[in-house]
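Take a look at the structure below.
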Amino acid sequence: MRGEDAAEFLQGQFSQDLRGLASGGVAYGFWLGRTGKVEGDSWIVAAGEDAFRVFSRSLLAGALIERLERFIIADDVELADETAAWEASWWSEAAAVEPGDSETSTYVLREGGGLLDGSVIRLVKRREGLSAAELGADAGASQVSEAEVEAARIAGGVPRVPVDIGPNDLPQEGGLETIGVSFNKGCYLGQEVMARLKTTGRVRRRLVVVSGDGEVPAAAASELKDGDKVVAELRSRVGLAKGGWVGLAMAGAALAGQEAGELQRADGGGVVSWRSRGVSG
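Shown next, in the form of structure tokens:
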């Protein structure tokens, strides 16, 4: 994205404050609807004067461009899909990376987005014959698969957009307002709801960590019950090497005030333990 109005335009669309973002700097946040629900998340990289790169795991470039174009009226803003020009890779820990020019840049995307402490995404300009070093390998850092990162983040209780927090959910329901929402910037889409929740401090639902024995529940087996009442919806889930599985579930008001307990799978798959979760970003 580039243009004379690019910075002001993004500031009015994105949940994070982009003011003062130095060239090569990165901000993580959300694209919210008017009711504050999470339509997607992104890392925004300052890529020079009046230029930004937007990286998202939750939205394809075409869908994000279409969304943003709806709000461009008389703004001097140009949008382009650069997906084919960049390489994303997952690494076990962060290391210092100096931002380069537009043809050689390596960006370390640190905040949020379903990443655990010590795990980062490296976004690198794609070139012929890229070596591991050029992709961001440093002493003490090793490349890992996206599947490994996914298993670690679920076991660690870290939400991912849109799997755990999506178009029907608020950032606060996953604790993501601490890493992806600014309460000090001016108006942006969804800002009124964010400000109201900041004042009241109350949401009726929250993500919790759940675990059980046996096979990982099928995608259709998502309802968790307390007696005869459905009180939670299972979202992410993954099998464990030691057996059993772990996942994240959106729990309703019925579990308010509790820190742990047991529920039953509505499909008859047995007892599920649950506990409150912290957020690592």
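So in this note's numbering, spot 211 of the sequence shown is number 213, and the numbers just go up one at a time. Beta carbons: idealized from backbone N, C-alpha and C, even for Gly.
Quiz item: Thinking C-alpha only, which one of 192, 152, 173 is nearest residue 207?
Solution: The shortest CA-to-CA distance from residue 207 to any of 192, 152, 173 is the one to 173.
Quiz item: Out of curiosity, what's the CA-to-CA distance linking residue 310 and residue 228?
Solution: Missing from the structure shown is residue 310; the chain here goes from 3 to 283 and no further.
Quiz item: Which residues mark the beginning and the end of the beta strand (DSSP E) in which residue 108 is found?
Solution: Per DSSP, residue 108 is one residue of the beta strand (DSSP E) stretching across 108–111.
Exercise. Have a look at 25, 159, 61 and flag the residue whose alpha-carbon is nearest the alpha-carbon of residue 31.
Key: Minimum Cα distance to residue 31 is reached at 61.
Exercise. Tell me, please, which residues DSSP counts as bridged to residue 252.
Key: Its beta-bridge partners are 209, 235.
Self-check item: Cut-off 8 Å between Cβ atoms - residues of its own chain near residue 183, not counting five sequence neighbours on either side
Solution: 17, 18, 31, 32, 173, 196
Self-check item: Other residues of its chain near residue 80: CB distance less than 6 Å, five sequence neighbours each side excluded
Solution: 4, 5
Quiz prompt | Range of the contiguous beta strand (DSSP E) that encloses residue 125 | solution = 122–127
Quiz prompt | Option nearest residue 279 by Cα separation, candidates 194, 178, 220 | solution = Among 194, 178, 220, the Cα nearest to that of residue 279 belongs to 178.
Quiz item: Are the region 72–89 and the region 36–48 touching by the rule of at least three beta carbon pairs closer than 8 Å?
Solution: The region 72–89 is not in contact with the region 36–48.
Quiz item: Which of the three DSSP states, helix, strand or coil, is assigned to residue 11?
Solution: DSSP places residue 11 in the helix class (H, G or I) of the three-state scheme.
Quiz prompt | DSSP beta-bridge partners of residue 55 | solution = 47
Self-check item: With 16 other Cβ atoms within 10 Å as the buried cut-off, status of residue 161
Solution: buried
Exercise. Please report the residue range of the alpha helix (DSSP H) in which residue 66 lies.
Key: 63–71
Quiz item: Using the C-alpha atoms, what's the distance from residue 76 back to residue 159?
Solution: Between the alpha carbons of residue 159 and residue 76 lies a distance of about 43 Å.
Quiz item: On the premise that residue 63 lies in contact with residue 83, defined as a C-beta separation below 8 Å, what is that separation, rounded to the nearest angstrom?
Solution: 4 Å
Self-check item: CB-CB length for residue 176 against residue 226, believed under 8 Å
Solution: At roughly 17 Å, the Cβ-Cβ gap does not stay under 8 Å, so residue 176 and residue 226 are not in contact.
Exercise. Would you kindly check if the distance between the Cβ of residue 238 and the Cβ of residue 171 is under 8 Å?
Key: no
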